[in-house]
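Structure first, then comments.
In my numbering, the protein residues as written are 115 to 445.
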């Protein structure tokens with residue numbers, strides 16, 4: 115923090131932060147930990163700003179706590195660094211990541227098996243005695259654990275690589291510029307792509323602040339400046355992923371997704387199969403290597419009228435931006 119911020123901190127603590135923590139039941143909290151599904155980095159920043167050092171931890175019921183954020187410096191996107199076990203009470207805690215990306219563990223408090231369930235126990239252990247967590251992970255260059263998803267929920271590509279669709283989509287939804295998205299990529303496709311629904315309200319304000327003129331959602335979604343901005347958001351998430359699992363290409367939907375047109379459920383969840391069929395030409399363009407798709411989409415206006423939206427939708431490549439983002443994340 116700047117000198118001005120450090121000088122203001124005692125006043126903020128006395129006038130606001132102390133009372134805020136007290137109202138949240140955290141007045142005497144020394145440490146706070148979060149396990150299970152990771153929260154958005156902004157949530158952690160909010161807790162830290164109010165003086166609560168919230169930290170990620172990761173573990174398994176069968177073998178205990180495995181990683182945690184320690185000290186004052188850590189990456190909010192990770193679950194922390196590997197814990198050291200007391201060897202007076204057992205073997206050293208060890209880990210490895212299988213070829214499929216699964217975290218496997220042995221030592222520490224140990225896993226002796228499920229009582230009275232030898233078959234279940236055998237399923238959870240490798241032939242050489244490592245416990246299979248069932249979680250797909252990677253380790254950062256700083257030795258911190260990055261949790262992607264359950265191994266069974268990873269999606270495999272035609273080239274043998276797998277990727278975590280839920281991880282990518284959840285992290286990209288944290289962006290204020292992205293309202294929703296869907297990832298594409300399966301055993302018939304050789305790379306990951308994404309179709310993105312921009313947030314018109316946020317991006318509209320951003321465009322006005324940056325003196326970028328636009329007329330409609332379609333126009334705004336295809337502006338080169340907007341595509342570059344979204345590319346940067348995708349590249350930031352790509353920097354967390356291993357090669358082969360990164361989003362290689364993306365396109366912005368040319369219209370707001372609408373439940374009245376069957377694109378969303380009434381609870382605003384994506385109807386993925388319908389969207390992939392409705393935008394089949396765009397998907398074809400993405401995987402065909404072209405840079406633009408001329409679409410004609412049947413739309414229903416708010417007054418009930420039917421019409422056809424004609425739009426030239428651009429497809430953007432991300433890889434070079436991803437490499438730059440990865441280099442930046444290391445500095």
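Glycine is no exception: its CB is placed at the ideal position from the N, C-alpha and C atoms.
Query: Looking at residue 150 and residue 171, is the spacing between their C-beta atoms short of 7 Å?; Result: no
Query: What's the C-alpha gap between residue 147 and residue 169?; Result: 5 Å
Query: For residue 311, which residues does DSSP report across the bridge?; Result: 294
Query: Look up residue 411 in the DSSP assignment and give the residues it is bridged to.; Result: 423
Query: Look at the alpha carbon of residue 249 and the alpha carbon of residue 164, and state the distance between them as a whole number of angstroms.; Result: 32 Å
Query: What does the alpha-carbon distance come out to for the pair residue 244 and residue 273?; Result: 28 Å
Query: Count the C-beta pairs between the segment 359-378 and the segment 327-341 that are closer than 8 Å, then say yes if the count reaches three, no if not.; Result: yes
Query: Counting only runs that start and end within the segment 144-196, where is the alpha helix (DSSP H) found for 4 or more residues in a row?; Result: 155-163
Query: So is residue 382 in contact with chain D if we call contact Cβ pairs under 7 Å?; Result: Going by chain labels, chain D is absent from the structure shown, which holds only one protein chain.
Query: How about residue 260 and residue 181: do their beta carbons lie closer than 7 Å?; Result: no
Query: Out of 398, 415 and 413, point me to the one whose CA is closest to residue 407's CA.; Result: 398
Query: Taking the alpha carbon of residue 185 as the point to measure from, which residue in 197, 304, 330 and 425 has its own alpha carbon closest?; Result: 197
Query: Which residues bound the alpha helix (DSSP H) around residue 331?; Result: 331-335
Query: Counting along the chain, where does the beta strand (DSSP E) carrying residue 248 start and finish?; Result: 245-253
Query: Exposed or buried, what is residue 297 when buried is set at 16 or more other beta-carbons lying within 10 Å of its beta-carbon?; Result: buried
Query: Should residue 229 and residue 358 be called a contact, given that it needs their Cβ atoms to be closer than 7 Å?; Result: no
Query: Is residue 427 closer than 7 Å to residue 412 when the C-beta atoms are compared?; Result: no
Query: Any contact of the segment 345-362 with the segment 384-397, i.e. 3+ C-beta pairs under 8 Å?; Result: no
Query: Between the C-alpha atoms of residue 154 and residue 192, what's the straight-line distance to the nearest angstrom?; Result: 11 Å
Query: Along the chain, where does the beta strand (DSSP E) containing residue 362 start, and where does it finish?; Result: 361-366
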